[in-house]
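Residue numbers (our numbering): 312 to 650.
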C-alpha cells in the first residue's frame with residue numbers, strides 16, 4: 312500500500328518539490344499511525360526548499376511541520392490515545408517539558424526529520440497532543456508551530472497581562488496568533504503592516520491600532536505617539552535584521568522583545584546598544600515550544616473558543632499555488648493544504 316507525500320528532492324527551489332508515492336509506514340513499539348487530514352505551511356518550509364538553512368538533509372525529505380489527523384492504528388505498548396482520536400504532532404518531537412536541549416532541537420519535523428505533508432505518518436505517542444474538538448481540521452492544523460510559538464512568546468515567556476501594549480509585526484501565522492493571544496490576556500495590540508487591507512483584517516481580529524510602515528517607515532515613532540511617549544511593553548519581532556533596532560526604540564523602560572523570525576535577514580548590522588541599555592530592553596529568542604506548552608495553549612483555546620485565522624485552503628495537488636501565496640506574503644493567518 313502506498314500514500315501520497317509532498318517531498319523535497321536534491322534540487323533546490325520549487326522544481327525540487329513533488330507529490331510522490333511512498334509506502335504507508337507501520338507503527339512500532341510506542342508508536343501510532345495517523346491519517347493526516349490537513350497540514351499548514353510555514354516560512355520555514357520555504358527556507359528548506361530554497362536551501363537557506365544549510366543543513367545536510369537526507370533526501371527525499373517529506374516537507375511540513377504542522378498537521379492534524381486521526382489515529383488509525385496503534386503499535387504495541389501504547390496507552391495515551393485510542394483509534395479515532397484527532398491529534399497533532401509537536402514540532403520538536405522530543406521536547407516534552409522543561410527547557411529545550413540540543414538533542415530536542417534536532418528532532419524538528421520537516422527537517423531534519425521527515426515532515427507531515429503525507430497521507431499517513433507514524434509518530435511516537437509521546438510526541439502527540441489531542442486537539443480541541445471544536446476546531447476544523449484546517450484550524451487545528453494551524454497550531455503546532457505558529458500558535459505554540461506565539462503562546463510561548465506572549466504567555467509563557469512574555470507574561471503579557473491586562474493593560475499591556477503589544478506590538479505585532481505583520482499578519483503571518485505567528486503574528487496573527489500573537490495578536491489573538493495577547494487580546495485573550497487583555498492587552499492593547501498595535502499591528503504593523505504595509506497593506507491597508509491587512510490592517511483592516513487585523514482590526515477585525517481584534518487589533519486596537521494599525522500602523523502602515525510604508526506610510527510611517529520610522530514606525531517606532533508612531534508606536535511612541537500611540538502610547539503617549541511611554542513605549543510598548545512587548546514587541547513581537549519577526550523581521551530580524553531590518554526591524555530589531557526599531558523594536559528597541561519602540562519599547563518602554565524594561566520592555567521585552569520576543570525575537571521569533573528573520574524575514575529580513577539573520578544578521579543585524581549596526582545594532583544600537585545605547586538605546587537598548589537606556590530602555591533596559593529584554594530580548595528573548597523564542598523557538599516554538601514543548602508538548603506541555605502546546606497542551607496548556609489548547610486548554611486556553613478551548614476555554615475561550617478562539618478560532619485560528621485561516622487565509623486559504625488548497626488541495627494537496629495545488630501545493631505550488633499555496634507556496635507561491637506564502638512566498639508573496641499575501642496571506643493573513645495560515646495557509647493550509649488538505650490531504
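Glycine included, each C-beta is placed from N, C-alpha and C at the ideal position.
Straight-line gap, residue i to residue j (C-alpha atoms, nearest Å)
i	j	result
residue 281	residue 550	The structure shown has nothing for residue 281, since the chain only spans 312 to 650.
residue 563	residue 589	10 Å
residue 410	residue 494	27 Å
residue 354	residue 606	24 Å
residue 610	residue 460	16 Å
residue 532	residue 455	34 Å
residue 367	residue 538	46 Å
residue 417	residue 362	17 Å
residue 385	residue 453	25 Å
residue 546	residue 469	10 Å
residue 555	residue 480	11 Å
residue 439	residue 446	17 Å
residue 421	residue 540	43 Å
residue 530	residue 504	10 Å
With 16 other Cβ atoms within 10 Å as the buried cut-off, status of residue i
i	result
residue 340	exposed
residue 576	The predicted position of residue 576 is uncertain, since its pLDDT is 47 and thus under 50; a value taken from the coordinates is nonetheless stated next. It counts as exposed.
residue 501	buried
residue 395	exposed
residue 508	exposed
residue 639	exposed
residue 608	buried
residue 645	buried
residue 561	buried
residue 569	buried
Residue span of the alpha helix (DSSP H) that contains residue i, given as start and end
i	result
residue 460	459 to 462
residue 393	Where residue 393 is concerned, there is no enclosing alpha helix (DSSP H), given that its DSSP letter is neither H nor E.
residue 556	555 to 560
residue 358	354 to 360
residue 519	Taken as a continuous stretch (DSSP letters only), residue 519 belongs to no alpha helix (DSSP H), as it is neither H nor E.
Three-way DSSP call (helix, strand, coil) for residue i in this model
i	result
residue 387	coil
residue 634	helix
residue 315	strand
residue 576	Low confidence applies to residue 576: its pLDDT is 47, below 50, so where it sits in the model is not reliable, and the reading given next is rough at best. Residue 576 falls in the coil class under three-state DSSP.
residue 485	helix
residue 327	helix
residue 349	strand
residue 539	coil
residue 427	coil
residue 565	strand
residue 499	strand
residue 438	helix
residue 641	coil
For residue i, the first and last residue of its enclosing beta strand (DSSP E)
i	result
residue 545	543 to 548
residue 514	Taken as a continuous stretch (DSSP letters only), residue 514 belongs to no beta strand (DSSP E), being part of the alpha helix (DSSP H) at 507 to 515.
Below-8 Å beta-carbon distance, residue i vs any chain C residue
i	result
residue 627	You won't find chain C in this structure, because it holds only one protein chain.
With a floor of 4 residues, list each alpha helix (DSSP H) that falls wholly inside the segment 441 to 480, ordered by position along the chain.
Counting whole runs of 4 or more residues, the segment 441 to 480 contains the alpha helix (DSSP H) stretches 448 to 452 and 459 to 462.
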